[in-house]
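Structure record follows, encoded as structure tokens.
The following block contains the structure:
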């Protein structure tokens, strides 16, 4: 049976920034995880990379940047091959029914081994370690029907659904789907009713601002 392909994707400009290396690590990680499950975005990322390599080859390098240019040109030496031919991953495969391959490789564990920490009833999470200044990324697990507190984003945020159904005022999303939020966006996410828990991967530039005073006071304690 063919796996469902994601129906909601990062914005085109986000894919371009991912290829250019200008996204915070946390955001870029979510894009990479999405692309590992989405043929459409994987192809777009490869084409954008090939175009970037071609452009670099046609730029006159200054004395200070010739090393970077030569390295980039070598990386895209096969830039005229179709994108599908470039999707081969020489690294050992880590296939997990929950975690996308880039995340499983980074963590070195499968979904069954994630050390979840309880936040409140029906909500568990696990923070993924990243270098300082890379943004924040975490795995969030919600019981069916659980609703989170309303909050405002203070920077860019990408949420990718790994299991179950995630929803808010913008609609409902399933495995592989990505919801992109910009600074100033306000929403109140929830897990849809049913028997299956909802698991999401969330990459954020900054800590969100919660509308309720009690949430803002408790956030440093519960780490949410």
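In this note's numbering, the protein residues as written are 12 to 235. Ideal placement from N, C-alpha and C gives every residue a C-beta, glycine not left out.
Exposure label - residue i; buried when at least 16 CB within 10 Å
{"i": "residue 127", "result": "exposed"}
{"i": "residue 175", "result": "buried"}
{"i": "residue 14", "result": "exposed"}
{"i": "residue 172", "result": "buried"}
{"i": "residue 181", "result": "exposed"}
{"i": "residue 37", "result": "buried"}
{"i": "residue 138", "result": "exposed"}
{"i": "residue 205", "result": "exposed"}
{"i": "residue 17", "result": "buried"}
{"i": "residue 108", "result": "exposed"}
{"i": "residue 30", "result": "buried"}
{"i": "residue 33", "result": "exposed"}
{"i": "residue 188", "result": "buried"}
{"i": "residue 144", "result": "exposed"}
{"i": "residue 231", "result": "Bear in mind that the predicted position of residue 231 carries a pLDDT of just 49, short of 50, making it too unreliable to give a figure here."}
{"i": "residue 200", "result": "buried"}
{"i": "residue 183", "result": "exposed"}
{"i": "residue 207", "result": "exposed"}
Coil, strand or helix - residue i by DSSP
{"i": "residue 133", "result": "coil"}
{"i": "residue 171", "result": "strand"}
{"i": "residue 151", "result": "strand"}
{"i": "residue 57", "result": "helix"}
{"i": "residue 80", "result": "A caution first: residue 80 carries a pLDDT of 49, below 50, which makes its placement in the model too unreliable to give a value."}
Between the CA atoms of residue j and residue i - distance to the nearest angstrom
{"i": "residue 245", "j": "residue 65", "result": "With the chain running from 12 to 235 in the structure shown, residue 245 is simply not present."}
{"i": "residue 111", "j": "residue 42", "result": "11 Å"}
{"i": "residue 22", "j": "residue 52", "result": "10 Å"}
{"i": "residue 212", "j": "residue 115", "result": "12 Å"}
{"i": "residue 163", "j": "residue 209", "result": "21 Å"}
{"i": "residue 154", "j": "residue 39", "result": "27 Å"}
{"i": "residue 169", "j": "residue 131", "result": "23 Å"}
{"i": "residue 293", "j": "residue 54", "result": "Residue numbering for the chain in the displayed model covers 12 to 235; residue 293 lies beyond these limits and cannot be assessed."}
{"i": "residue 113", "j": "residue 150", "result": "14 Å"}
{"i": "residue 35", "j": "residue 119", "result": "22 Å"}
{"i": "residue 121", "j": "residue 136", "result": "15 Å"}
{"i": "residue 99", "j": "residue 147", "result": "With a pLDDT of only 41 at residue 99, under 50, the local geometry of the prediction cannot be trusted, and the value read off the model is given with reservation. Between residue 99 and residue 147, the C-alpha separation is close to 29 Å."}
{"i": "residue 133", "j": "residue 203", "result": "13 Å"}
{"i": "residue 28", "j": "residue 192", "result": "15 Å"}
The alpha helix (DSSP H) enclosing residue i, as first and last residue numbers
{"i": "residue 24", "result": "23-31"}
{"i": "residue 38", "result": "36-48"}
{"i": "residue 114", "result": "112-118"}
Run of the beta strand (DSSP E) containing residue i, from where it starts to where it stops
{"i": "residue 178", "result": "177-179"}
{"i": "residue 192", "result": "189-192"}
{"i": "residue 182", "result": "182-184"}
{"i": "residue 215", "result": "209-215"}
Minimum Cβ-Cβ distance from residue i to chain D less than 8 Å
{"i": "residue 125", "result": "Among the chains in the structure shown there is no chain D, since it carries only a single protein chain."}
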